[in-house]
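> Numbering-wise, the sequence shown is residues 20 to 642 according to the working numbering.
We treat Cβ as the ideally placed atom computed from N, Cα and C, and that holds for glycine.
Just so it is clear, the structure is predicted and the values come from calculations on it, not from any experiment.
Starting off with a structure, shown below.
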Amino acid sequence: MTPSSEKEPNGLDNPSFMDEDGSHYSMPDHAAMGPEEGGDKGHGSSKLAYTVTEVPPWYLCILLGIQHFLTAMGGLVAIPLILSRELCLQHDLLTQSHLISTIFFVSGICTLLQVLFGVRLPIIQGGTFAFLTPTLAMLSLPTWKCPAWTQNATLVNASSPEFIEVWQTRMREVQGAIIVASCFQIFVGFSGLIGFLMRFIGPLTIAPTITLVALPLFDSAGDEAGQHWGIAFMTVFFIVLFSQYLKDVPVPLPSYQRGKKCHFSPVYIFQIFPVLLGLSLSWLLCYVLTVTDVLPADPNSYGHPARTDTRGDVLSQAPWFRLPYPALSLTGQWGVPTVSLAGIFGILAGVISSMLESVGDYYACARLSGAPPPPKEAISRGIGVEGIGCLLAGAWGTGNGTTSYSENVGALGITKVGSRMVIIAGACAMLLSGIFGKVGATLASIPTPVIGGMFLVMFGVITAVGISNLQYTDMNSSRNIFIFGFSVFAGLTIPNWASKNSALLETGIIQLDQVIQVLLTTGMFVGGLLGFILDNTIPGTEEERGLLAWKNSHKGEEGNSQLISKVYDLPFGIGTKHCAVSWFRYLPACPKRLPGGKKMDGLERSVKASSERDSETAADTRI
Numbered sequence: 020m021t022p023s024s025e026k027e028p029n030g031l032d033n034p035s036f037m038d039e040d041g042s043h044y045s046m047p048d049h050a051a052m053g054p055e056e057g058g059d060k061g062h063g064s065s066k067l068a069y070t071v072t073e074v075p076p077w078y079l080c081i082l083l084g085i086q087h088f089l090t091a092m093g094g095l096v097a098i099p100l101i102l103s104r105e106l107c108l109q110h111d112l113l114t115q116s117h118l119i120s121t122i123f124f125v126s127g128i129c130t131l132l133q134v135l136f137g138v139r140l141p142i143i144q145g146g147t148f149a150f151l152t153p154t155l156a157m158l159s160l161p162t163w164k165c166p167a168w169t170q171n172a173t174l175v176n177a178s179s180p181e182f183i184e185v186w187q188t189r190m191r192e193v194q195g196a197i198i199v200a201s202c203f204q205i206f207v208g209f210s211g212l213i214g215f216l217m218r219f220i221g222p223l224t225i226a227p228t229i230t231l232v233a234l235p236l237f238d239s240a241g242d243e244a245g246q247h248w249g250i251a252f253m254t255v256f257f258i259v260l261f262s263q264y265l266k267d268v269p270v271p272l273p274s275y276q277r278g279k280k281c282h283f284s285p286v287y288i289f290q291i292f293p294v295l296l297g298l299s300l301s302w303l304l305c306y307v308l309t310v311t312d313v314l315p316a317d318p319n320s321y322g323h324p325a326r327t328d329t330r331g332d333v334l335s336q337a338p339w340f341r342l343p344y345p346a347l348s349l350t351g352q353w354g355v356p357t358v359s360l361a362g363i364f365g366i367l368a369g370v371i372s373s374m375l376e377s378v379g380d381y382y383a384c385a386r387l388s389g390a391p392p393p394p395k396e397a398i399s400r401g402i403g404v405e406g407i408g409c410l411l412a413g414a415w416g417t418g419n420g421t422t423s424y425s426e427n428v429g430a431l432g433i434t435k436v437g438s439r440m441v442i443i444a445g446a447c448a449m450l451l452s453g454i455f456g457k458v459g460a461t462l463a464s465i466p467t468p469v470i471g472g473m474f475l476v477m478f479g480v481i482t483a484v485g486i487s488n489l490q491y492t493d494m495n496s497s498r499n500i501f502i503f504g505f506s507v508f509a510g511l512t513i514p515n516w517a518s519k520n521s522a523l524l525e526t527g528i529i530q531l532d533q534v535i536q537v538l539l540t541t542g543m544f545v546g547g548l549l550g551f552i553l554d555n556t557i558p559g560t561e562e563e564r565g566l567l568a569w570k571n572s573h574k575g576e577e578g579n580s581q582l583i584s585k586v587y588d589l590p591f592g593i594g595t596k597h598c599a600v601s602w603f604r605y606l607p608a609c610p611k612r613l614p615g616g617k618k619m620d621g622l623e624r625s626v627k628a629s630s631e632r633d634s635e636t637a638a639d640t641r642i
C-alpha cells in the first residue's frame with residue numbers, strides 16, 4: 020500500500036491510499052499535504068474522499084448508501100405519519116406501514132431517475148413538506164373532514180369496506196391533485212423556462228433560499244429532539260465526535276490481498292460514516308435503556324418516544340413482502356385518482372416552492388460533491404425529472420410529491436463523499452425497504468429523539484452552506500447587506516405571522532386562500548423571492564452582486580467541457596454516441612453539441628446560426 024496524492028481533473032486534490040489492486044481509501048487532509056501546505060487548514064478541510072464521478076469500493080457504496088437512506092428516512096417516515104390523522108388512519112397502523120413502504124419505494128425510483136437522467140448530481144429524492152401544507156389544507160375542508168367515529172379506536176374496524184372507503188376516497192383526491200400539478204413542473208423543467216430564469220438568479224438569491232431551507236425547521240427539529248434531550252444530545256455528540264474530532268484517526272481493519280494475504284489496512288471510517296455510526300450507537304443505547312426499563316413505559320411520560328418498542332405494532336403487523344403498484348389504468352393501490360380544482364391550486368403553490376428550493380440544492384450539492392456548477396440544461400432536466408417523480412408519487416399513492424432532500428446535501432459536507440454511485444446504492448436500499456415490509460417497519464422504529472439529534476447537525480450544515488454563497492459578493496456593500504439580511508428576516512417573520520393569522524388572509528375563494536396561505540408560510544419562497552426581486556432591481560455592478568465571482572469561481576471547470584460532459588451529460592452515450600439526431604440539440608434540457616460531439620458555446624452557436632442565415636441569403640440571391 021502506497022500513499023498517493025493526485026490532482027483530479029476538477030482541480031480538487033483527492034488524497035488516497037492506493038493498493039496494488041486499486042483499492043481506494045480516504046486519507047486525512049494533512050497527510051496529503053506537502054510541507055509547504057501543512058498550515059493551510061482551510062484548504063485541506065475542503066478536500067473530498069470521493070468526487071461526484073468517482074466510484075468507491077462496493078462495500079463503501081452500500082454502507083454510505085444506507086447512511087443516506089437513514090438520513091432521509093426521518094422526513095420519509097414523518098410525512099405519512101402526519102398525513103394519517105387527516106386521512107382518518109390514526110388507528111390503522113397496518114395501512115400506515117403500507118404508506119411508509121410506498122413512499123420508500125417511490126423515493127428509490129425517483130432518486131434513480133434523478134441521478135441517472137436528471138441533474139445527475141448525488142442528491143436524494145423524497146417526500147416534501149412543501150406539498151404537505153396544501154394537502155392538509157385540502158383535507159381540512161368540510162367535505163373531507165373525518166367522521167367522528169373514525170376518531171374512536173373501539174369503533175374502527177380497519178378491514179371493513181366502510182372504513183376503507185372513508186380513507187381511500189381522501190387519498191384518491193390527494194393523488195389526483197398531485198398528478199395534475201406535477202404536469203406544470205414537468206413543463207417548466209423540460210421547456211427550459213427554469214433555465215431562462217437562472218440568468219437572473221445569483222448568490223443573493225441562492226443564499227437566502229438555501230439558508231431558509233433549514234432555519235424554519237428549528238421548530239420541528241426541536242420538537243423531535245425535545246422528546247428526550249439527553250438522547251438527542253448524545254446523538255449530536257457522536258456525530259460531531261466522529262465527523263470533526265476523529266475524522267483524521269485511521270482505524271486498522273483486516274483486509275485480504277493475493278500478494279499480502281491477510282493484513283490490516285488503515286481506513287478513515289470516522290470521516291466516512293459519522294452519521295451512520297452516530298445513529299447506530301444512539302439507537303443501540305436506546306434499545307438497552309428500553310430493555311432495562313430505564314425509559315418510561317407510560318406514553319404520557321417524558322422520554323417515552325425514545326423507547327425502541329413504541330412502534331412495535333407496525334413491526335409485527337407489516338408483511339414480509341409487499342410490492343407497491345401504481346394506478347396505471349382503472350386500478351391502483353387505493354383506487355382510481357379523482358381531481359378537484361381546490362386541490363390542484365393548493366398543490367401548485369407547493370410545486371413552486373419545491374422548484375425554487377431544488378435549484379438552490381443543486382448548487383449546494385455541486386459545491387459539496389466537487390462538481391462544477393450545473394449548466395442550464397442540467398437544471399432544466401433536474402426540475403423536469405422532479406416533475407416526473409411527483410407524477411409517479413401521485414400514481415403510486417404516497418399522498419405526497421418528491422423533491423431534492425436538503426438534509427442529504429448536508430450529509431455530503433460531513434462525510435466528504437460526493438460519489439453519485441453512493442446515492443444509487445441508497446436508492447436501491449429504498450427500493451428494497453419498500454418491497455420488504457419488515458425492513459421498512461424496522462427502520463421506521465428509530466426513536467424520535469435520535470432523528471431529532473441528527474437534524475440538529477444536518478440543518479446547521481445546510482444553513483452554513485447557504486450563507487457560504489455570500490463569499491462571492493461584496494459584503495462590505497450596504498446594498499448586499501440589506502438584501503440578504505432583509506430577505507432572511509422577512510423569510511422568518513412573514514411565514515410566522517401568516518401561520519398565526521390565516522383568517523386575515525381569507526378572500527372568500529378557497530382555492531386562492533390555499534395558494535396565498537402556502538406561499539406566505541413557506542420561508543424559502545418568501546426569502547428567495549425577495550432576494551430575487553431586490554437583487555435584480557436595486558442598482559449594483561456585477562462585481563458587487565457577486566455575479567462575476569460566481570461565474571469565475573469555476574472558470575477553469577467551465578472551460579473544460581470534457582469535465583462538464585462527464586458530470587452532467589446523459590448516460591449511455593444518449594445524445595452523443597447514440598440517438599444523436601440533429602434536432603436533439605434544440606431541446607432545452609439537452610446539451611448543445613456539434614456533430615463531432617464537442618459542446619457548442621454561445622459564440623459557436625452564434626457563428627453557426629449566422630452561417631446558416633448567410634447560406635439561406637445566398638441561395639435566395641441565386642434563385
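(1) Locate the beta strand (DSSP E) running through Lys66, then write down its first and last residues.
(2) Taking C-alpha atoms, which residue in Leu549, Ala517, Phe503 and Ile443 lies nearest to Pro75?
(3) His247 by DSSP, collapsed to three states: which one?
(4) Does the distance from the CB of Thr327 to the CB of Ser126 come in under 8 Å?
(5) For Val484 versus Leu387, is the C-beta distance shorter than 8 Å?
(6) Does Ser179 pass the burial test, meaning 16 or more other C-beta atoms within 10 Å, or should it be called exposed?
(7) Can the beta-carbon of Gly146 be found closer than 8 Å to that of Thr421?
(8) Work out the CA separation of Ala385 and Pro269 for me, nearest whole Å.
(9) Just to confirm, are Met157 and Gly429 a CB contact at a threshold of 8 Å?
(10) Here's the rule: buried if 16 or more other CB atoms are within 10 angstroms of the residue's CB, otherwise exposed. What is Gln187?
(11) Under 7 Å Cβ to Cβ from Glu525, same chain only, skipping five residues before and after it: list those, please.
(12) On the three-state DSSP scale, how would you describe Ser497?
(13) For Phe206, collect the residues of the same chain with a Cβ closer than 8 Å to its Cβ; drop the 5 residues on either side in sequence, then sort them by chain order.
(14) Start and end of the beta strand (DSSP E) containing Ser284?
(15) Can you tell me which of the three DSSP states Gly437 falls into?
(16) Using DSSP's beta-bridge definition, name the partner residues of Val270.
(17) For Gly662, write down the residues that DSSP places opposite it in a beta bridge.
(18) Consult DSSP for Thr357 and reduce its assignment to one of helix, strand or coil.
(19) Taking the alpha carbon of Gly6 as the point to measure from, which residue in Ile122, Ile470 and Asp493 has its own alpha carbon closest?
(20) Between the beta-carbon of Cys202 and the beta-carbon of Cys107, is there less than 8 Å?
(21) For Val358, count neighbouring C-beta atoms within 10 Å of its own C-beta (all shown protein chains included) and say buried if the count is 16 or more, exposed if not.
(22) Is it right to say Pro324 is buried, meaning 16 or more other beta carbons lie within 10 angstroms of its own, or is it exposed?
(23) For Ile528, count the other beta carbons within 10 Å of its own beta carbon; 16 or more makes it buried, fewer makes it exposed. Which is it?
(24) Any idea what DSSP makes of Arg326, helix, strand or coil?
(25) Looking at the secondary structure, which residues open and close the alpha helix (DSSP H) in which Cys202 lies?
(26) With respect to the alpha helix (DSSP H) encompassing Arg400, which residues constitute its N-terminal and C-terminal limits?
(27) Exposed or buried, Thr130, counting other C-beta atoms within 10 Å across all chains shown (16 or more means buried)?
(28) Quick one: residues in its chain with C-beta nearer than 8 Å to the C-beta of Val175, no 5 flanking neighbours on either side, listed in chain order?
(29) Just verifying my parser: in three-state terms, what is the DSSP assignment at Gly527?
(30) Is Ala390 helix, strand or coil when you go by DSSP?
(31) Output the distance between the C-alpha atoms of Gly369 and Gln204, rounded to the nearest integer angstrom.
(32) Classify Phe219: buried if its beta carbon has 16 or more other beta carbons within 10 angstroms, exposed otherwise.
(33) Tell me whether Asn427 sits in a helix, a strand or coil according to DSSP, three-state version.
(34) Please report how far the alpha carbon of Ile142 lies from the alpha carbon of Leu135, in whole angstroms.
(35) Under the assumption that Gly408 contacts Pro356 (Cβ atoms under 8 Å), give the Cβ distance between them as a whole number of angstroms.
(36) With H, G and I counted as helix, E and B as strand and the rest as coil, what does DSSP make of Glu73?
A quick look at the data gives this:
(1) Counted from its first residue, the sequence shown places residue 66 at position 47. That residue, Lys66, is in no beta strand (DSSP E); it is neither H nor E in DSSP.
(2) Within the sequence shown, residue 75 is the residue found at index 56, counting from 1. Cα-wise, what sits closest to Pro75 is Ile443.
(3) Your numbering for residue 247 matches position 228 in the sequence shown. It is coil, neither helix nor strand.
(4) The residue you call residue 327 lines up with position 308 of the sequence shown. The residue you call residue 126 lines up with position 107 of the sequence shown. Contact: no.
(5) Counting from 1 along the sequence shown, the entry for residue 484 is found at position 465. Counting from 1 along the sequence shown, the entry for residue 387 is found at position 368. The answer is yes: Cβ separation under 8 Å.
(6) Along the sequence shown, read from residue 1 onward, the residue named residue 179 stands at position 160. Under this definition Ser179 is an exposed residue.
(7) On the sequence shown, residue 146 is found 127 positions in, with the first residue counted as 1. On the sequence shown, residue 421 is found 402 positions in, with the first residue counted as 1. Contact flag set, yes.
(8) Within the sequence shown, residue 269 is the residue found at index 250, counting from 1. Within the sequence shown, residue 385 is the residue found at index 366, counting from 1. Distance between the alpha carbons of Pro269 and Ala385: 28 Å.
(9) Taking the first residue of the sequence shown as position 1, residue 157 is located at position 138. Taking the first residue of the sequence shown as position 1, residue 429 is located at position 410. No, they are not a contact pair.
(10) Indexing the sequence shown from 1 puts residue 187 at position 168. So Gln187 ends up on the buried side.
(11) Translated into positions along the sequence shown, residue 525 becomes position 506. So the qualifying residues of the chain are Asp532.
(12) Here residue 497 refers to the residue found at position 478 of the sequence shown. Three-state DSSP puts Ser497 in a helix.
(13) Counting from 1 along the sequence shown, the entry for residue 206 is found at position 187. Excluding positions up to five away in sequence, the list reads Leu212 and Gly406.
(14) In the sequence shown, counting from the first residue as 1, residue 284 sits at position 265. Where Ser284 is concerned, the enclosing beta strand (DSSP E) stretches over Lys280 to Val286.
(15) For the purposes of this step, residue 437 is taken as residue 418 along the sequence shown, with counting starting at 1. Gly437: coil per DSSP, three-state reduction.
(16) As a working mapping, residue 270 is identified with position 251 in the sequence shown. According to DSSP, which records beta bridges pairwise, Val270 is partnered with Val286.
(17) This structure cannot speak to residue 662, because the chain is shown only from 20 to 642.
(18) By one-based count along the sequence shown, residue 357 stands at place 338. Thr357 sits in coil when the DSSP states are folded into three classes, being neither helix nor strand.
(19) Residue numbering for the chain in the displayed model covers 20 to 642; residue 6 lies beyond these limits and cannot be assessed.
(20) If you number the sequence shown from 1, residue 202 lands on position 183. If you number the sequence shown from 1, residue 107 lands on position 88. Between Cys202 and Cys107, the gap from beta carbon to beta carbon reaches 8 Å or more.
(21) Indexing the sequence shown from 1 puts residue 358 at position 339. Counting Cβ neighbours within 10 Å, Val358 comes out exposed, since fewer than 16 surround it.
(22) By 1-based counting over the sequence shown, the position of residue 324 is 305. With a 10 Å radius around the Cβ and a threshold of 16 neighbouring Cβ atoms, Pro324 comes out buried.
(23) Here residue 528 refers to the residue found at position 509 of the sequence shown. The residue is exposed, with fewer than 16 neighbouring Cβ atoms inside 10 Å.
(24) Position 307 of the sequence shown, counted from the first residue, corresponds to residue 326. DSSP places Arg326 in coil when its eight states are reduced to three.
(25) Residue 202 sits at position 183 when you count from the first residue of the sequence shown. Its alpha helix (DSSP H) spans residues Pro180 to Phe209.
(26) For the purposes of this step, residue 400 is taken as the residue at position 381 of the sequence shown. Following the DSSP letters along the chain, one finds Arg400 inside the alpha helix (DSSP H) bounded by residues Lys395 to Trp415.
(27) For the purposes of this step, residue 130 is identified with residue 111 of the sequence shown, where counting begins at 1. Around the Cβ of Thr130, a 10 Å sphere holds 16 or more other Cβ atoms; the residue is buried.
(28) Locating residue 175 in the sequence shown gives position 156, where the first residue counts as 1. Excluding sequence neighbours, Val175 sits near His110, Asp111, Trp168, Thr169 and Phe182.
(29) As a first step, residue 527 is located in the sequence shown; it is residue number 508 there, counting from the start. DSSP places Gly527 in coil when its eight states are reduced to three.
(30) Stepping through the sequence shown from its first residue, residue 390 is reached at position 371. In the structure shown, Ala390 sits in coil (DSSP, three-state: anything other than H, G, I, E or B).
(31) Counting from 1 along the sequence shown, the entry for residue 369 is found at position 350. Counting from 1 along the sequence shown, the entry for residue 204 is found at position 185. Near 11 Å, if we compare the C-alpha coordinates of Gln204 and Gly369.
(32) Taking the first residue of the sequence shown as position 1, residue 219 is located at position 200. With fewer than 16 other Cβ atoms within 10 Å, it is exposed.
(33) Translated into the one-based positions of the sequence shown, residue 427 becomes position 408. In the structure shown, Asn427 sits in a helix (DSSP, three-state: H, G or I).
(34) Walking along the sequence shown from the start, residue 142 turns up at place 123. Walking along the sequence shown from the start, residue 135 turns up at place 116. Distance between the alpha carbons of Ile142 and Leu135 is about 11 Å.
(35) Here the question's residue 408 lines up with position 389 in the sequence shown. Here the question's residue 356 lines up with position 337 in the sequence shown. The Cβ separation is near 16 Å, so there is no contact.
(36) Within the sequence shown, numbered from 1, the residue matching residue 73 stands at position 54. DSSP places Glu73 in coil when its eight states are reduced to three.
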